[in-house]
Every structure is written in C-alpha cells, then in structure tokens.
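Worksheet: the structure to be examined is printed underneath.
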Amino acid sequence: MRIITLEEHIALPEFAHEIQQWPLPQQAVEKLADISDIRLKSMDDNGIDMQVLSVVGRGAESLAPQEALKFAVRYNDILAARIAAHPTRFKAFAHLPMSSPEAAANELERAKEEHHFCGALINGLTNGKFLDLPEFRPLLQKAEQLQMPLYLHPGMPPETVAQAYYNDLPGSLGVMLSCGGWGWHAETALQVLRLIMTGTLDRYPRLKIIIGHMGEMIPMMMSRLDEKFNVTNTGYHQRTVSQTLRDQVHITTSGIFTLPPLMAALGTFGIDNVMFSVDYPFSTNEAGKQLLENIPLPPEEVAKIASGNAERLLGLS
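Residue 47 is where the sequence shown starts when you use this note's numbering, and the numbers rise one by one after that.
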C-alpha cells in the first residue's frame with residue numbers, strides 16, 4: 047500500500063534572518079531544515095513513500111508586498127532545487143506572498159508551471175484578514191483555474207485575540223492554548239466557515255480547500271452548522287454547509303492519531319475527502335503509521351486514505 051503524507055513541514059535556515067520565526071525547540075529547527083537525512087530515514091522506517099512539503103511558521107506574508115514576492119520566489123526556487131534530488135519522495139506546496147493577493151496568484155501559477163508544485167499552503171490569517179474578503183479574490187480565482195488546492199494551515203493568533211483570550215494565563219498555558227492546544231484549530235475552522243457562509247466557495251465552486259487535524263473540529267459541529275446557518279435564513283450561501291464541505295473541503299489526519307475523531311471525520315466528510323498526514327516533525331511518523339494500521343476498514347478503503355485520495359486531488363499518481 048502506497049502512503050503519502052501532506053502536512054509535512056520545512057523551514058529553510060538561510061531565510062531565518064529575514065523573518066520573525068515561531069519560537070521552536072532546537073531539535074525541531076534541525077528537523078525542519080533537513081530534507082534528505084533524518085527525514086528520509088524516518089519515512090523509510092515507517093513505509094512513507096512521499097511527503098508533500100510546506101513552509102511552516104511566519105514567512106512572506108509578514109513582509110511588505112514587494113519584499114514578500116521576492117522572498118516567496120526565492121523560497122520556492124530553493125525548495126524545488128532541494129527536492130529535485132528525490133523526485134519520487136517529495137512534492138511541495140507553494141509558499142505565497144499573501145500580503146499581495148495578485149502577486150500570490152501569479153506565484154502560484156509560476157510554481158505550477160516551473161516547479162510542478164501541487165498546490166499552496168497558507169499559514170493562518172494574513173495580517174489579521176480572512177480569505178473571504180474581496181481583496182483575496184485574485185488568488186482564489188487563480189487557484190480554481192489552475193486546480194491547485196489551498197491547504198489552510200493554522201497560524202499564530204492576531205495580537206488582539208491573544209490579548210483578549212490568552213495573555214492572563216500563567217506560564218506557557220496561554221501560548222499552548224492559543225496554538226496547538228485549541229485556538230488555532232478553531233481559527234482555521236472559522237476561516238473555512240467564513241468562506242462557506244459568505245458565499246465565497248459558491249463563487250468558486252471548483253476551488254478545493256484542504257485542512258488538517260481531522261477537520262479542525264468541524265466534523266462534530268457539522269449538523270449544528272446546517273441547523274444554525276440554513277440556506278434560506280442567511281441568503282449568502284447557496285448550498286448547505288455540509289454539502290459545501292463535502293464538495294470542496296478535504297481533511298487530513300495530521301497530528302491526531304486516535305480512532306474516534308477519525309470515525310467522526312469519515313462519517314461526516316465521507317471517505318473520499320479524508321487523507322492521511324502526520325504533521326512532521328511536530329508529530330512522529332511512528333504515531334501516524336500506528337493509526338493507519340489500526341483503521342477498522344477494508345484494505346481498499348484504508349488505501350484511499352493512505353494515498354488514493356491524495357493522488358486524485360493533487361495529481362500524484
């Protein structure tokens with residue numbers, strides 16, 4: 047059975063002095079910088095055939111528009127050169143200058159044409175702004191036209207949110223709760239729901255969105271979302287929330303390796319919309335593989351999750 051993982055991160059050290067990176071332990075920094083040594087060995091040890099790499103943490107979006115474009119172009123060019131040594135083991139999501147949506151659209155097209163990247167990953171909000179705002183339409187339109195999925199990955203909360211919700215907690219609890227412990231999953235879910243409820247995904251019905259972490263808590267809320275945001279009540283979106291999610295949103299298992307949330311994801315999004323991922327190096331390939339080996343489904347359905355759905359969505363066959 048072929049295994050492909052989609053939310054697997056890098057942070058190239060030669061760019062660290064140009065942006066304010068997330069604070070990370072040294073071991074994570076070293077693993078993020080590595081493409082060919084420890085990373086490949088771990089993939090081999092756990093039967094992972096391919097990783098789709100993406101830039102994690104703050105990047106081009108934190109720079110002024112002109113600087114952002116140059117930064118993203120250099121990052122994508124260097125990443126493409128690094129993975130060229132292992133063409134069957136690595137693909138990549140483009141890094142985009144999100145502070146300039148027109149430039150981001152153009153860079154997405156260049157990344158596809160020149161480097162054969164298979165989509166783009168966007169870290170969190172862009173200067174506190176959500177993707178449903180009209181200024182991001184050039185990027186969404188281009189992604190739909192190119193059939194390049196956008197992976198919406200969590201990012202650090204805006205400072206106003208951090209101050210209101212998390213800064214009065216003792217020690218590191220505020221940071222933990224605002225990020226991987228809770229906050230950024232809720233924020234990513236909100237990003238998706240805003241795209242649906244404002245009618246943005248109706249405007250771009252062929253646009254494909256990917257989110258990680260078993261659907262960022264959306265599966266357990268899907269029926270309630272349909273109830274509270276009925277199409278006839280809001281007048282903005284044309285399909286039910288659940289239908290739009292199944293039509294245009296795909297989810298991965300990244301970072302969550304227990305069966306109950308997986309079964310909830312399968313029961314709501316459907317097996318064709320669920321893809322295996324690890325969230326390397328923040329989660330281990332060993333934990334991900336253990337989940338994959340314990341899914342109580344027929345082998346042909348496990349194979350869909352392990353690679354078949356990703357092959358179809360990203361053209362990786």
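No residue lacks a Cβ here, since even glycine has one placed at the ideal position from N, Cα and C.
In this structure, residue 53 sits near residue 323, with a CB-CB distance shorter than 9 Å. Per DSSP, the continuous beta strand (DSSP E) segment holding residue 197 begins and ends at 196 to 199. A straight line joining the alpha-carbon of residue 267 with that of residue 195 spans about 24 Å. The stretch 72 to 80 and the stretch 106 to 115 do not touch, with fewer than three beta-carbon pairs separated by less than 8 Å. In the three-state reduction of the DSSP assignment, residue 101 falls in the strand class, which pools E and B.
A direct Cα-to-Cα measurement between residue 341 and residue 349 gives close to 11 Å. For residue 190, the enclosing alpha helix (DSSP H) starts and ends at 183 to 192. When secondary structure is reduced to three states using DSSP, residue 320 falls in the strand class. CA-CA distance, residue 249 to residue 240, rounds to 13 Å.
Annotated as proximal: residue 169 and residue 201, with beta-carbon spacing under 9 Å. Residue 252 sits exposed, since fewer than 16 C-beta atoms from the chains shown fall within 10 Å of its C-beta. Around the CB of residue 47, fewer than 16 other CB atoms lie within 10 Å, so the residue is classed as exposed. In this model, residue 275 and residue 246 are separated by some 15 Å (Cα to Cα). The residues 363, in chain order, have a CB closer than 6 Å to that of residue 357 in the same chain once the five nearest residues on each side in sequence are set aside. In this structure residue 284 is exposed. Its beta-carbon is surrounded by fewer than 16 other beta-carbon atoms within 10 angstroms. By the C-beta density criterion, residue 173 is exposed, having fewer than 16 other C-beta atoms within 10 angstroms. In this model, residue 62 and residue 140 are separated by some 18 Å (Cα to Cα). Counting along the chain, the unbroken beta strand (DSSP E) around residue 166 starts and ends at 166 to 169.
Residue 312 and residue 298 have their C-alpha atoms spaced approximately 11 Å apart. If the five residues before and after residue 260 are omitted, its C-beta is found closer than 7 Å to the C-beta atoms of 297, 299, 302, 307, 308 and 311, all from its own chain and listed in chain order. Of the residues assessed, residue 327 falls on the buried side of the cut-off, its CB having 16 or more other CB atoms within 10 angstroms.
Around the beta-carbon of residue 162, fewer than 16 other beta-carbon atoms lie within 10 Å, marking it exposed. In chain order, 242 and 247 place their CB closer than 6 Å to the CB of residue 290, counting only its own chain and leaving out the 5 sequence neighbours on each side. Contact between the stretch 180 to 190 and the stretch 205 to 219 is not established, with fewer than three Cβ pairs separated by less than 8 Å. Taking the CA atoms as reference points, residue 204 sits about 12 Å from residue 108. Looking at the DSSP output, residue 255 bridges to 196 and 295. Non-local C-beta neighbours of residue 192 in its own chain, meaning closer than 7 Å and more than five positions away in sequence, comprise 154, 155 and 158, ordered along the chain. Judged by DSSP in its simplified three-state form, residue 124 adopts helix. For residue 51, the enclosing beta strand (DSSP E) covers residues 50 to 56.
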